[in-house]
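Numbering (the UniProt record's numbering), first residue to last: 1 to 265.
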Amino acid sequence: MTRKQHSMWIFNPTLRRQLTNQSNGESKKLHSTDCKILELLCKNQGETVLKSTLIDVAWPGRVVSQASLTQSIAHLRIALGDNGRQQNIIKTVPKHGYLLVSNIISLEVPIVLEQNNSSTPSSEIIPDTLQPQDHEKTSLSAHLQYLQRFILLTLSLLFLVSLTWLTRIIYYNSTTDRIQWNQREHLGVTYYFTDTKNGDKRFNDLKGRYSSDLRMLYISENPEQLYVSCVYQPNNLHEHNTMNFSFSRDYSIEQVREEINEQCQ
1 MTRKQHSMWI
11 FNPTLRRQLT
21 NQSNGESKKL
31 HSTDCKILEL
41 LCKNQGETVL
51 KSTLIDVAWP
61 GRVVSQASLT
71 QSIAHLRIAL
81 GDNGRQQNII
91 KTVPKHGYLL
101 VSNIISLEVP
111 IVLEQNNSST
121 PSSEIIPDTL
131 QPQDHEKTSL
141 SAHLQYLQRF
151 ILLTLSLLFL
161 VSLTWLTRII
171 YYNSTTDRIQ
181 WNQREHLGVT
191 YYFTDTKNGD
201 KRFNDLKGRY
211 SSDLRMLYIS
221 ENPEQLYVSC
231 VYQPNNLHEH
241 NTMNFSFSRD
251 YSIEQVREEI
261 NEQCQ
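Printed below as a string of structure tokens:
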């Protein structure tokens with residue numbers, strides 16, 4: 001196990017709190033996808049890792065947008081005390097990927113002990129005696145009865161769950177008000193936000209001067225998350241692109257605006 005003495009952080013992906021600050025001993029827990037991304041960046045410190053490679057590692061076999069990767073990078077920057085403007089630890093390589101600055105994070109990889117192959121596999125152990133044929137028939141009959149009871153119980157539970165789900169859907173549709181949206185123009189950007197006091201506040205927080213590529217911004221939220229969707233048109237192109245974000249309450253308004261300005265262009 002190798003540790004650089006001058007590293008600021010220790011990263012061990014096998015621990016419950018994977019990231020530890022060497023100066024104050026503070027440990028932080030990362031999401032599983034964020035952990036996979038940081039591990040790959042650590043293994044390639046000082047080198048650019050393509051966005052497609054990071055997505056394949058963090059979300060294998062799934063189709064996700066680059067916004068999910070952007071969110072994970074933002075989570076890692078916050079955990080490391082970095083941000084999208086300074087990029088002292090994780091740097092964005094425009095149109096390509098991300099780069100982890102060398103000698104800041106030390107990756108700890110546990111030693112995996114090899115299994116002793118000399119032991120006899122359990123599948124090769126031969127029973128000393130065979131059970132009588134009559135006992136086999138009795139066991140098979142009991143097994144079939146148990147299987148039938150299990151299937152009936154499973155079907156009953158599924159029916160109960162489906163009935164509960166359908167009841168809640170009907171109740172939700174009959175009692176939930178439809179969301180009303182407001183529309184405002186500011187410095188060439190059209191803002192869409194909910195017709196509530198919180199919606200007006202979020203509009204005033206996020207309105208400002210963004211990249212000239214930005215065309216529209218949709219803003220909504222719930223008690224835990226802030227949701228933002230941007231529509232932008234890169235220079236010299238006629239097509240419109242979209243990018244979706246979700247921000248936890250740990251994000252400041254300045255950090256949200258930085259991410260929008262960095263990604264929606």
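Even glycine gets a Cβ: it sits at the ideal position worked out from N, Cα and C.
Indicate, with yes or no, if the ligand GTP has a heavy atom lying under 7 Å from the CB of tyrosine 171. Judged by which ligands are present, the structure shown has none, so any question about the ligand GTP falls away.
Could you have a look at isoleucine 169 and say whether DSSP puts it in helix, strand or coil? helix
In this structure, how does DSSP classify arginine 257 when only helix, strand and coil are distinguished? helix
Per-residue DSSP class, three states only, for glutamate 225: The identity of residue 225 in the sequence shown is glutamine, whereas the question assumes glutamate. Glutamine 225 falls in the strand class under three-state DSSP.
Here's a check: name, in chain order, each residue in its chain whose Cβ is nearer than 8 Å to the Cβ of tryptophan 59, leaving out the five neighbours to either side. Thr33 and Ser68
Using DSSP with H/G/I as helix, E/B as strand and the rest coil, what is aspartate 34? In the structure shown, aspartate 34 falls within a helical segment according to DSSP collapsed to helix, strand and coil.
When the Cα atoms are used, what is the spatial distance from leucine 155 to glutamine 145? 16 Å
Counting only runs of 3+ residues fully inside the UniProt domain "OmpR/PhoB-type" (1-102), write out the beta strand (DSSP E) ranges in chain order. 9-11, 19-21, 48-50, 90-93 and 97-100
Here's the rule I'm using: 16 or more other beta-carbon atoms within 10 Å means buried, otherwise exposed. How should arginine 85 be labelled? exposed
Could you say which of Ser220, Tyr171 and Thr14 lies nearest to lysine 197 if we only look at CA atoms? Ser220
Going by C-alpha distance, which of Gly61, Val93 and Trp9 is nearest threonine 70? Of Gly61, Val93 and Trp9, the smallest CA-CA separation from threonine 70 is found for Val93.
Within its chain, find whatever has a CB closer than 7 Å to the CB of aspartate 128; leave out the 5 residues flanking it on each side and keep chain order. Below a pLDDT of 50, predicted positions are generally treated as unreliable, and aspartate 128, at 47, falls in that range; the measurement from the model is reported next regardless. The answer is none, since no qualifying residue turns up.
Would you say the segment 182-196 touches the segment 240-258, given that touching needs at least three Cβ pairs under 8 Å? no
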